[in-house]
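Presented below is the structure to which this report refers.
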Amino acid sequence: MAIKKSELYSSLWASCYELRGGLDASQYKDYVLVMLILKYISDKWAGQPYAPITIPQGMKF
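Written out as structure tokens, the structure reads:
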């Protein structure tokens with residue numbers, strides 16, 4: 102069953118509000134950017150034998 106775009110957006114926003122807690126939006130932005138960069142690196146180097154960052158077997162973001 103496919104999820105509707107509006108349901109996805111509302112779920113993402115709810116998660117963001119919960120993660121943010123008492124942080125100011127400018128501080129929260131820094132945490133989100135770091136997580137996005139780590140996710141990008143994880144996806145880019147997944148399965149590469151000589152990756153600069155080693156991701157343990159069975160682990161993903």
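If you number the sequence shown the way my numbering does, the last residue is 162 and the count never jumps. Quick reminder that beta carbons are idealized off the backbone N, C-alpha and C, glycines included.
Notebook entry, point to check: Under a three-way DSSP split, which group does Ala126 fall into?
Noted result: Helix.
Next item on the list: Kindly give me the distance between the Cβ atoms of Arg121 and Tyr129, rounded to whole angstroms, as I take these residues to be in contact under 8 Å.
Entry: So it is a contact: roughly 5 Å between Cβ atoms.
Margin query: So, under 8 Å CB-CB, Pro157 and Trp146 are touching, yes? Tell me the CB distance rounded to an integer number of Å.
Written below: In this structure, Pro157 and Trp146 do not form a Cβ contact; the two beta carbons are roughly 13 Å apart against a cut-off of 8 Å.
Margin query: Please report the straight-line C-alpha distance between Cys117 and Gln149, rounded to a whole angstrom.
Written below: The alpha-carbon atoms of Cys117 and Gln149 are separated by roughly 31 Å.
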